[in-house]
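Chemist:
Numbering (the UniProt record's numbering), first residue to last: 1 to 633.
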């Protein structure tokens with residue numbers, strides 16, 4: 001009897017000791033650590049859904065927009081209230097910018113970055129007081145920070161991909177999402193080090209914590225966690241704009257391998273806690289993007305011909321490169337008729353013989369418009385020769401020409417910088433100024449806005465930025481000729497260049513588009529401002545045209561013969577142009593600008609001061625602004 005009583009007493013003491021050893025904070029910390037990351041995703045998914053609804057509603061509204069312009073009124077009307085509210089929102093969200101050094105963000109981008117940081121760090125540190133009353137207890141926020149970071153990896157990878165569902169749903173192009181990609185990466189970098197520091201702090205006092213950390217370092221999952229955090233830190237450091245721009249080609253190579261180390265290390269690290277389900281979707285997103293890009297390149301560049309055993313074998317696409325000036329190149333090539341694109345989209349070009357690495361590709365805006373299927377070649381079909389296999393060859397049969405089934409012409413304008421474009425310029429120079437190169441095309445990409453459906457359209461570009469605004473102009477002209485865009489009644493195209501010879505780059509394209517256009521039915525005006533002369537001078541079409549006729553080619557002389565084309569000396573008065581166009585506009589107005597930061601900021605300031613919500617209430621135009629800026633944050 002005494003033995004049985006002693007055994008029961010020992011069992012009770014053993015159970016009590018085990019219960020005492022269990023930390024009462026363990027259960028709530030684990031529950032919150034798994035629940036809060038999911039709550040963040042619910043919030044993000046709801047926000048993406050809201051933007052998607054707005055995007056599709058805006059597309060539907062653009063299709064239903066009538067060509068009848070509202071009349072001007074002196075008294076505000078409630079019918080214009082929605083348009084006035086939209087105008088105020090656009091002015092506040094997209095035309096007010098925050099600048100810091102070489103970085104410029106509009107309020108929307110700034111707000112999204114701040115909101116994301118607030119959400120992540122609020123959910124990481126909320127309810128972190130333990131049962132003993134200690135605030136910000138490491139047991140609560142340490143592992144939770146790691147879980148939150150792991151669940152955000154798929155979003156991080158998706159924002160950096162060229163093919164992703166977020167672009168399809170929201171209409172935000174991959175180039176704009178890339179800014180959010182960098183913001184998310186930098187937030188997660190801080191979060192990972194909070195996770196690591198919290199784990200070390202939660203291991204005990206200074207001595208015992210150090211001993212346990214050293215013991216953990218013997219484990220593979222722990223070492224790979226340190227490697228992952230270090231890899232993301234290195235990526236954030238290398239992605240700072242001054243470093244990224246200084247060695248962009250090396251950055252792309254480093255980004256690929258360091259990002260791979262980050263994902264592999266994170267996967268191994270999470271195996272210890274059986275949380276790999278947060279990491280492996282990132283590999284799927286990354287792999288799906290690469291697969292889609294490979295298939296697109298394979299089809300566009302004719303690789304399927306060899307695969308199907310066609311008699312016509314695949315051959316590299318030939319791109320003709322012309323030197324317009326030491327700072328500007330023009331590239332032309334012909335793609336299969338099945339290839340299609342929208343005005344303002346971009347394509348990635350890879351020129352193996354001048355690229356520093358086999359996988360190097362650079363994005364450029366497509367300056368031509370899709371002529372539609374069934375186009376016929378306008379030039380004689382070229383035959384293959386030994387010269388085609390060379391890296392670059394000049395003149396004669398080597399020039400890129402359309403062939404049956406390959407009649408869609410892509411035109412690119414490349415501003416010469418260091419690296420790829422400089423090597424391309426040097427290779428073309430050795431060939432006498434015109435050369436052909438074998439190229440691979442990946443695209444199209446981007447979600448540019450349509451300039452159709454607006455009564456007045458203002459297009460402003462600086463230098464090679466006209467590669468974005470030119471196809472919008474060509475599409476508007478085509479829409480007017482075909483009767484598919486009856487809304488537009490006024491188009492002003494402003495192009496700011498340094499050298500007059502740049503006009504030759506677009507003269508043949510514009511001449512072809514302007515042929516047969518009735519200027520009475522479409523009020524079109526093209527202003528070309530040459531800034532090499534003294535600023536502030538008025539337009540002098542006669543003298544400018546005379547100078548161009550003396551040394552220009554036939555297409556340029558013909559272009560300057562159109563009555564609605566003006567070549568001006570000096571920089572344009574952007575404020576006056578914006579005020580004049582808004583004052584004369586009927587119906588809604590679209591302003592599209594592409595160029596350096598100084599130009600885009602000037603247009604934004606001019607729009608802020610030229611119109612207001614009250615003007616829209618009285619029948620003034622509701623102005624939509626789209627900025628296609630050079631560079632990124």
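Each residue gets a CB set at the ideal place from its N, CA and C atoms; glycine is no exception.
Between 444, 326, 599, which lies nearest to residue 95 when the distance is taken from Cα to Cα?
Modeler: 599
Chemist: Any idea what DSSP makes of residue 41, helix, strand or coil?
Modeler: helix
Chemist: So residue 460 packs on residue 593, CB below 8 Å; how close in whole Å?
Modeler: A Cβ-Cβ distance of about 4 Å is found for the pair residue 460 and residue 593, placing them in contact under the 8 Å criterion.
Chemist: Let's test the definition: count the other Cβ atoms within 10 Å of the Cβ of residue 98 and tell me whether it reaches 16, buried, or not, exposed.
Modeler: Here residue 98 is exposed, its C-beta having fewer than 16 other C-beta atoms within 10 Å.
Chemist: Give the secondary structure of residue 164 by DSSP, where H, G and I count as helix, E and B as strand, and everything else as coil.
Modeler: coil
Chemist: Taking all protein chains shown into account, do 16 or more other C-beta atoms lie within 10 angstroms of the C-beta of residue 495, making it buried, or fewer, making it exposed?
Modeler: buried
Chemist: Determine the DSSP secondary structure at residue 419, reduced to helix, strand or coil.
Modeler: coil
Chemist: Sorry if obvious, but does the Cβ on residue 451 come closer than 6 Å to a heavy atom of the ligand SAM?
Modeler: Ligands displayed in this structure: none; no statement on the ligand SAM is therefore possible.
Chemist: Taking C-alpha atoms, which residue in 331, 45, 181 lies nearest to residue 318?
Modeler: 331
Chemist: Between which two residues does the beta strand (DSSP E) holding residue 495 run?
Modeler: Start and end: 490–497.
Chemist: Answer yes if the segment 437–447 comes into contact with the segment 344–357, meaning at least three C-beta pairs across the two stretches below 8 Å, and no otherwise.
Modeler: yes
Chemist: Between residue 169 and residue 52, is the Cβ-Cβ spacing less than 7 Å?
Modeler: The beta carbons of residue 169 and residue 52 sit closer together than 7 Å.
Chemist: Short check: CB of residue 451 to CB of residue 622, under 7 Å?
Modeler: no
Chemist: From the DSSP output, read off the bridge partner residues of residue 362.
Modeler: Residue pairing by DSSP places residue 362 opposite 349 in a beta bridge.
Chemist: Which residues in the same chain have their Cβ closer than 7 Å to the Cβ of residue 324, if we skip the five residues on either side of it in sequence?
Modeler: Within the same chain, and ignoring the five residues on either side of residue 324 in sequence, the residues whose Cβ sits closer than 7 Å to its Cβ are 330, 501, 502, 504, 505.
Chemist: If distances are taken between C-alpha atoms only, which option among 525, 283, 462, 149 comes closest to residue 33?
Modeler: 149
Chemist: Name, in chain order, the residues that DSSP records as bridge partners for residue 99.
Modeler: 104, per the DSSP bridge assignment.
Chemist: Go to residue 332, then tell me how far its beta strand (DSSP E) extends in each direction, as first and last residue.
Modeler: 328–335
Chemist: State the beta-bridge partners of residue 354 as determined by DSSP.
Modeler: In the DSSP output, where bridge partners are listed per residue, residue 354 has none listed.
Chemist: Measure from the alpha carbon of residue 154 to the alpha carbon of each residue in 131, 125, 185, 127, then state which is nearest.
Modeler: 185
Chemist: Enumerate in chain order the residues of its own chain whose CB-to-CB distance from residue 175 is below 7 Å, with the five nearest sequence positions on each side excluded.
Modeler: 446
Chemist: The beta strand (DSSP E) that contains residue 323, what's its start and end?
Modeler: 317–325
Chemist: Output the distance between the C-alpha atoms of residue 659 and residue 511, rounded to the nearest integer angstrom.
Modeler: Nothing can be reported for residue 659, as the shown portion of the chain is limited to 1 through 633.
Chemist: Pull up the distance between the alpha-carbon of residue 93 and that of residue 468, whole angstroms please.
Modeler: 23 Å
Chemist: Please look up how many angstroms separate the CB atoms of residue 507 and residue 556, rounded, as I've assumed it's under 8 Å.
Modeler: 4 Å
Chemist: The beta strand (DSSP E) that contains residue 590, what's its start and end?
Modeler: 589–595
Chemist: Between residue 81 and residue 172, what straight-line distance do the alpha-carbon atoms span, to the nearest angstrom?
Modeler: 26 Å
Chemist: Taking all protein chains shown into account, decide if residue 326 is buried (16 or more other Cβ within 10 angstroms of its Cβ) or exposed.
Modeler: exposed
Chemist: Report yes or no: do the segment 238–252 and the segment 277–296 share at least 3 C-beta pairs separated by less than 8 Å?
Modeler: no
Chemist: Between 368, 25, 354, which has its C-alpha nearest residue 135's C-alpha?
Modeler: 25
Chemist: Going by the CB atoms, is the gap between residue 228 and residue 191 shorter than 7 Å?
Modeler: Here residue 191 is not near residue 228, since their CB atoms are 7 Å or more apart.
Chemist: Is the beta carbon of residue 341 less than 7 Å from the beta carbon of residue 269?
Modeler: Between residue 341 and residue 269, the C-beta gap is not smaller than 7 Å, which leaves the two residues out of contact.
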